[in-house]
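J.:
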Amino acid sequence: MTAVYLAAALLLTWPLATVMHRQIAGDMGDPLFNCWALLWTSGQLLRALGGDWTALSRYWSGNIFYPAPLALAYSEHLTPQMLQALPVLAVTHNVILGYNLVLLGTYVLSGLGMYLLVRELTGRPLAAFLAGLAFAFAPYRLDQYGHIEVLSSQWMPFTLYGMRRFFATGRLRPLAGGASALVAQALSCGYYLAYFPPFVVAYCLYEMGARGRFRDRRTWRAMIVTGGAVLVVVVAFLWPYFTVRRTLSDVGVRHPSEVLEFSADTHGFATVSDHSTLWGSRVRAMPRSENQGFPGFAVLAFLVAAIMAGSAAALQQARRGGVRAERRSQILPVILGTLLIVLVVLLVNVLVTGRVPQRAAFLFSLGRDAGTRTLAWIAGAAAALAAVSAVFRRILRGVPGSSVAFFAWAAVAAAWMSLGPEMHANGRDVGPGVYAVFYRWVPGFDGLRVVSLHFMIVALFLAVLAGLGAAMLMTRWPAAGRIAACLGATSRRAGVCRPTPTSARSCPASCVRRSRSPANGISLRRTRSFVICRRGRSWPNFPSARSDSKFSTCSMRAFTGSRCSTGIPDSSPPGMSNS
């Protein structure tokens, strides 16, 4: 399967494979800064491996924002990506090649990890293959082509796979593997460090509950020790960020208006990137930055199949178990069920139009925060119905041995989080969102602005559900299920396209080598290799800046290893330029 996913990745990014040693994938903004981060960190590590252990003390002291300390902590440190590229950088000294290989690896590893997870859940390789394609080539990834930290979501399915194997077998090796994948995911992107671990904890609790291990001391012991080890490693890498935040309290804090700007609208789930050849000009409910969350029609079809089959199986299981409501109490469940259906329809109307009918607003006292209040009504009606209906309780729990219910609720939770602290539907405010609680009370969330990156976690759970749906179809109708899975895999590839694969401005110029100078992390020398450069000169060119600007000049110095008083990370020290 690895070769298949690699071939699909090469096809998606073509012609990157033909120029990956001299042209960088994406634009000439964030990718070049990420190349600088890879160069700086790999330079310190290689010098340490060469015997200069003092180089590790300069790991976080990048040569930007001079003389401010811990300059690397003003943005992503990309340590896992650097470790992936390290062999290439050590042998070829070509950061462009290393960067492009890591980018391609995000597609291949995403598909492989999802394949392993869904195969473990279903035992169906074809369904697992479809799920791998759904996650590796999710439409949301098209607009993140220039953000390698966002594309580096490949460790999520490996984390869940390791946890699943641990609970299924009781062996510690899968648990260690899952924990390692969680560490790699947390260190690959600061957003995923905050957004993904809560779902991992929820999945572990779900597995423990489904397998009746809440009283198993060995399981708790293993989970606590593993969680502690993960926490120690993550905190060690977070410490420079804590130091910067403590020293400069206004650095790394996002204003609520900035968070709202990069939160998703409900119409984002009906918007696809304009890079999609098939749907880019058709599925455009609200095209704007960071709002392309449409998962694809094939994924939605298998998702519906999974939920319908799971609900039917849960209902059938409840009836087989002899669950019956007493005749005298049948009226109340019917009333509550009808009310729940009406409320769900009302919620859909609010999320689609951003408005609520006047009669419904008066009847349910919805007022201004229609979306939040409707959700509260739904929660109350569902709780009341679960209290009086054993059948409904069985449906909520799902089928024993099936994970459809968990992944469906997890996808809903991630989608809800993506709407940010103030939910918007069709551009209209529909009430406060659950993300507001995290922004206010959970440390670190007030420093994250692109809330819509939850789209990637939604894509993760929807891909799992697509695989589960395909497996259910193949179980009930083997031939038809296989045909549907093959068509789904084909349509998934046809629904995406090549993003702008490489920078248009590149020329034979220079390649990176390490300098032995402690002050300069990297330097450039002329070789037969290639990096992005300005015509006739051996340094990067950022088209967004004028060639004579201070930013452009300083970008050149930063890339060549010279000390510089500015840079391009997300944050900057007071009084210094952040272009």
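For the sequence shown, position 579 matches number 688 in the working numbering, and the numbering has no gaps at all. Beta carbons: idealized from backbone N, C-alpha and C, even for Gly.
(1) Determine whether the beta carbon atoms of Ala514 and Gly419 lie at a separation below 8 Å.
(2) Considering just the uninterrupted stretch of the beta strand (DSSP E) at Ala534, what are its terminal residues?
(3) Over the uninterrupted beta strand (DSSP E) stretch that includes Leu325, give me the two end residues.
(4) For Asp538, name the three-state secondary structure that DSSP assigns.
(5) Three or more beta-carbon pairs under 8 Å between the segment 480 to 492 and the segment 535 to 543, yes or no?
(6) For Ala488, does the three-state DSSP call read helix, strand or coil?
(7) Is the segment 199 to 215 in contact with the segment 122 to 133, if contact means three or more CB pairs nearer than 8 Å?
(8) Considering only the beta carbon of each residue, do Leu528 and Val259 sit closer than 8 Å?
(9) How close, in whole Å, do the beta carbons of Phe238 and Tyr224 come, if the pair is a contact with beta carbons under 8 Å?
(10) Taking C-alpha atoms, which residue in Leu577, Phe473, Ala293, Tyr183 lies nearest to Thr215?
(11) Can you tell which of Thr356, Gln263, Leu230 has the C-alpha that lies nearest to the C-alpha of Pro178?
(12) For Tyr175, report the span of its alpha helix (DSSP H) as first-last.
(13) Looking at C-alpha atoms only, which residue of Val197, Leu165, Met317, Leu221 is the closest neighbour of Leu115?
(14) Just list the beta strand (DSSP E) runs in the segment 511 to 581, keeping only unbroken ones of 3 residues or longer that don't cross its boundaries, in chain order.
(15) According to DSSP, is Asp252 part of a helix, a strand, or is it coil?
(16) On the CB-based measure, 16 or more other CB atoms within 10 Å of its CB, does Thr380 come out buried or exposed?
(17) Would you mind reading off the limits of the alpha helix (DSSP H) that contains Trp149?
(18) Which of the three DSSP states, helix, strand or coil, is assigned to Ala134?
(19) Between the segment 270 to 281 and the segment 407 to 422, do at least 3 Cβ pairs fall closer than 8 Å?
(20) Helix or strand or just coil, what does DSSP make of Arg468?
(21) I'd like to know whether the C-beta atoms of Arg558 and Arg274 end up nearer to each other than 8 Å.
(22) Is there at least one non-hydrogen atom of the ligand PLP closer than 7 Å to the beta-carbon of Ala496?
(23) Write down the C-beta distance between Leu582 and Ala414 rounded to the nearest angstrom, noting that I regard them as a contact closer than 8 Å.
(24) State the CB to CB distance for the pair Gly691 and Ala373, rounded to an integer number of angstroms; the pair is presumed to be in contact (CB under 8 Å).
(25) Please work out which residues of its chain come closer than 7 Å, Cβ to Cβ, to Arg441, disregarding the five sequence neighbours upstream and downstream, and give them in chain order.
(26) Would you say Phe244 and Ala568 are within 8 Å of each other, going by their C-beta atoms?
(27) Would you say Ala469 and Gly476 are within 8 Å of each other, going by their C-beta atoms?
(28) Hey, quick one: how far does the alpha helix (DSSP H) through Met110 stretch, first residue to last?
(29) Using 10 angstroms around the beta-carbon of Glu367, count the other beta-carbons present and answer buried if the total reaches 16, otherwise exposed.
(30) What is the DSSP secondary structure of Arg233, counted as helix, strand or coil?
(31) Could you work out which residue in Arg330, Trp169, Phe403, Thr127 is closest to Leu251 when comparing CA atoms only?
(32) Which same chain residues end up closer than 7 Å to Ala715 when comparing Cβ atoms and leaving out the 5 residues on each side of it in sequence?
(33) If you draw a straight line from the C-alpha of Ser297 to the C-alpha of Gln190, how long is it?
(34) In whole angstroms, give me the CA-to-CA distance for Leu213 and Val453.
(35) Less than 8 Å separating the beta-carbons of Met532 and Tyr249?
(36) DSSP three-state label for Arg393, please.
T.: Short version:
(1) Residue numbering aside, residue 514 sits at position 405 when the sequence shown is read from its first letter. Residue numbering aside, residue 419 sits at position 310 when the sequence shown is read from its first letter. Yes. Within cutoff.
(2) The residue labelled residue 534 in the question sits at position 425 within the sequence shown. Taken as a continuous stretch (DSSP letters only), the beta strand (DSSP E) holding Ala534 covers 531 to 534.
(3) Here the question's residue 325 lines up with position 216 in the sequence shown. Here residue 325 turns out to be Asp, not Leu, going by the sequence shown. Asp325 -> no beta strand (DSSP E), and no H or E assigned at all.
(4) Taking the sequence shown and counting its residues from 1, one reaches residue 538 at position 429. Here Asp538 sits in strand by DSSP.
(5) yes
(6) On the sequence shown, residue 488 is found 379 positions in, with the first residue counted as 1. It is helical.
(7) yes
(8) Start at 1 with the first residue of the sequence shown, and residue 528 comes out as number 419. Start at 1 with the first residue of the sequence shown, and residue 259 comes out as number 150. It is not a contact, given that the beta carbons lie outside the stated cut-off.
(9) Numbered from 1 along the sequence shown, position 129 holds the residue referred to as residue 238. Numbered from 1 along the sequence shown, position 115 holds the residue referred to as residue 224. Phe238 to Tyr224, Cβ: 6 Å. Contact.
(10) Position 106 of the sequence shown, counting from 1, holds the residue named residue 215. Minimum Cα distance to Thr215 is reached at Ala293.
(11) Looking up residue 178 in the sequence shown gives position 69. Among Thr356, Gln263, Leu230, the Cα nearest to that of Pro178 belongs to Thr356.
(12) In the sequence shown, residue 175 corresponds to position 66, counting from 1. Run containing Tyr175: none; DSSP gives neither H nor E here.
(13) Translated into the one-based positions of the sequence shown, residue 115 becomes position 6. If we check each option's Cα against that of Leu115, Leu221 comes out closest.
(14) 531 to 534, 537 to 541
(15) To locate residue 252, count along the sequence shown from 1; it is residue 143. It is helical.
(16) Residue numbering aside, residue 380 sits at position 271 when the sequence shown is read from its first letter. Buried, since its Cβ has 16 or more Cβ neighbours within 10 Å.
(17) Mapped onto the sequence shown, residue 149 falls at position 40. Here the alpha helix (DSSP H) through Trp149 covers 139 to 158.
(18) Walking along the sequence shown from the start, residue 134 turns up at place 25. Ala134 falls in the strand class under three-state DSSP.
(19) no
(20) To locate residue 468, count along the sequence shown from 1; it is residue 359. Of the three classes helix, strand and coil, the one that applies to Arg468 here is helix, per DSSP.
(21) Working through the sequence shown from its first residue, we reach residue 558 at position 449. Working through the sequence shown from its first residue, we reach residue 274 at position 165. No; because the gap between Cβ atoms is not below 8 Å, this pair is not in contact.
(22) Absence of the ligand PLP from the depicted structure is noted, as is the absence of any ligand whatsoever, leaving it without description.
(23) Taking the sequence shown and counting its residues from 1, the one referred to as residue 582 is at position 473. Taking the sequence shown and counting its residues from 1, the one referred to as residue 414 is at position 305. 6 Å between Cβ atoms; contact.
(24) Since the first residue shown for the chain is 110 and the last is 688, residue 691 is missing from the structure and cannot be characterised.
(25) Here residue 441 corresponds to residue number 332 of the sequence shown, with the count starting at 1. It should be pointed out that residue 441 corresponds to Leu in this sequence rather than to Arg. Counting only Cβ-Cβ distances below 7 Å, and skipping sequence neighbours, we find Val497.
(26) Mapped onto the sequence shown, residue 244 falls at position 135. Mapped onto the sequence shown, residue 568 falls at position 459. Yes, they are a contact pair.
(27) Within the sequence shown, residue 469 is the residue found at index 360, counting from 1. Within the sequence shown, residue 476 is the residue found at index 367, counting from 1. Going by C-beta atoms, Ala469 is not nearer than 8 Å to Gly476.
(28) Taking the first residue of the sequence shown as 1, we reach residue 110 at position 1. Neither: Met110 is in no alpha helix (DSSP H) and is coded neither H nor E.
(29) Stepping through the sequence shown from its first residue, residue 367 is reached at position 258. Result: exposed.
(30) Counted from its first residue, the sequence shown places residue 233 at position 124. Coil, per DSSP.
(31) If you number the sequence shown from 1, residue 251 lands on position 142. Cα-wise, what sits closest to Leu251 is Phe403.
(32) Outside the shown range of the chain, which is 110 to 688, sits residue 715, and nothing can be said about it.
(33) Taking the sequence shown and counting its residues from 1, one reaches residue 297 at position 188. Taking the sequence shown and counting its residues from 1, one reaches residue 190 at position 81. Using only the alpha carbons, I get a separation of about 7 Å.
(34) The count along the sequence shown starts at 1 and reaches residue 213 at position 104. The count along the sequence shown starts at 1 and reaches residue 453 at position 344. Using only the alpha carbons, I get a separation of about 41 Å.
(35) Numbered from its first residue, the sequence shown carries residue 532 at position 423. Numbered from its first residue, the sequence shown carries residue 249 at position 140. Result no, Cβ atoms of Met532 and Tyr249 do not sit closer than 8 Å.
(36) Reading the sequence shown from its first residue, position 284 is the one you call residue 393. Note: Arg393 maps to strand in three-state DSSP.
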